[in-house]
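Notes follow once the structure below has been shown.
Protein chains in written order, with our numbering: chain A, 1 to 115; chain B, 1 to 110.
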């Protein structure tokens, strides 16, 4: 069945460095993917919509220069957290719809810890 | 901006008890989805409700969509420890976008 993978599953980095997170759709193509951030015991907050072949659309309050999104192909979107700081530590989750919003698959998430 | 209010935010019950989680909005959604998420994992879709007044059952879980398609509820009968997790409702907006409620953290104690 349709699956979305993320890599890495967890990453620890020093403050000031950049971290790239990959989101891949397996066995299906996704022209749109979504990136969420989730803090402990809280819900998912949509950060941006990744669009294949065009610029990402960011939600209000999300810095596009800090969270770089590249939808390199129909099966891959990447999120790069630039100049990461401890407050960027969070659980980052991507999702991809399979043609409809009510058939949307979520990745397993990436735990980012910035020291 | 469409908002979803989910309640209760935290719920701790004993095995065998029943519970209901509510999801309310002032906006109409074309569909509403319920997810369950375990720590360190992505959300997993439980059900999608589309039609006003719709009721869906998934074993001990019963999902209802309000007539006006603005609210929904999740009822669990005879909860078990394996039901422990974060339950999230999400409303479908335009362009496949989902708006999530704040979630209900359920703990079922043996």
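All residues carry an ideal CB built from backbone N, CA and C; glycine is no exception.
For residue j and residue i, believed in contact at Cβ under 8 Å, the rounded distance
i, j, result
"residue 42 (chain A)", "residue 103 (chain B)", "7 Å"
"residue 33 (chain A)", "residue 73 (chain A)", "In fact, because the Cβ distance is near 11 Å, the residues do not count as touching under 8 Å."
"residue 18 (chain A)", "residue 84 (chain A)", "7 Å"
"residue 18 (chain B)", "residue 84 (chain B)", "15 Å between Cβ atoms; not a contact."
"residue 50 (chain B)", "residue 64 (chain B)", "No, residue 50 (chain B) and residue 64 (chain B) are not in contact; Cβ-Cβ is about 13 Å, not under 8 Å."
"residue 52 (chain B)", "residue 69 (chain B)", "5 Å"
Residue i and residue j closer than 8 Å at C-beta
i, j, result
"residue 41 (chain B)", "residue 108 (chain A)", "yes"
"residue 90 (chain B)", "residue 33 (chain B)", "yes"
"residue 43 (chain B)", "residue 88 (chain B)", "yes"
"residue 8 (chain A)", "residue 110 (chain A)", "yes"
"residue 20 (chain A)", "residue 80 (chain A)", "yes"
"residue 12 (chain B)", "residue 107 (chain B)", "yes"
"residue 23 (chain A)", "residue 38 (chain A)", "no"
"residue 57 (chain B)", "residue 49 (chain A)", "no"
For residue j and residue i, the rounded distance between their alpha carbons
i, j, result
"residue 16 (chain B)", "residue 63 (chain A)", "46 Å"
"residue 86 (chain B)", "residue 60 (chain B)", "17 Å"
"residue 75 (chain A)", "residue 110 (chain B)", "43 Å"
"residue 44 (chain A)", "residue 29 (chain B)", "18 Å"
"residue 94 (chain A)", "residue 65 (chain A)", "19 Å"
"residue 124 (chain B)", "residue 114 (chain A)", "Past the edges of chain B, shown from 1 to 110, lies residue 124 (chain B), and the structure says nothing about it."
"residue 22 (chain B)", "residue 67 (chain A)", "33 Å"
"residue 112 (chain A)", "residue 11 (chain A)", "5 Å"
"residue 69 (chain A)", "residue 52 (chain A)", "10 Å"
"residue 82 (chain B)", "residue 31 (chain B)", "27 Å"
Strand pairing of residue i, partner residues [DSSP]
i, result
"residue 14 (chain B)", "B:109"
"residue 40 (chain A)", "BP columns for residue 40 (chain A) are empty, so no partner."
"residue 26 (chain A)", "A:3"
"residue 137 (chain B)", "This structure does not reach residue 137 (chain B), given that chain B is present from 1 up to 110, and the question cannot be answered."
"residue 20 (chain A)", "A:80"
Distance cut-off 7 Å: residue i Cβ against heavy atoms of the ligand ZN
i, result
"residue 49 (chain A)", "The model on display carries no ligand, and the ligand ZN is accordingly not part of it."
Legend entry - beta strand (DSSP E) runs contained entirely in the region 36 to 112 of chain A, provided each spans 3 or more residues: 44 to 51, 67 to 73, 76 to 81, 90 to 97 and 104 to 106
Inset, instruction - May I have a chain-ordered list of the beta strand (DSSP E) segments no shorter than 3 residues that lie completely inside the region 20 to 108 of chain B? - result: 32 to 37, 44 to 49, 55 to 58, 61 to 65, 71 to 76, 85 to 92 and 98 to 100
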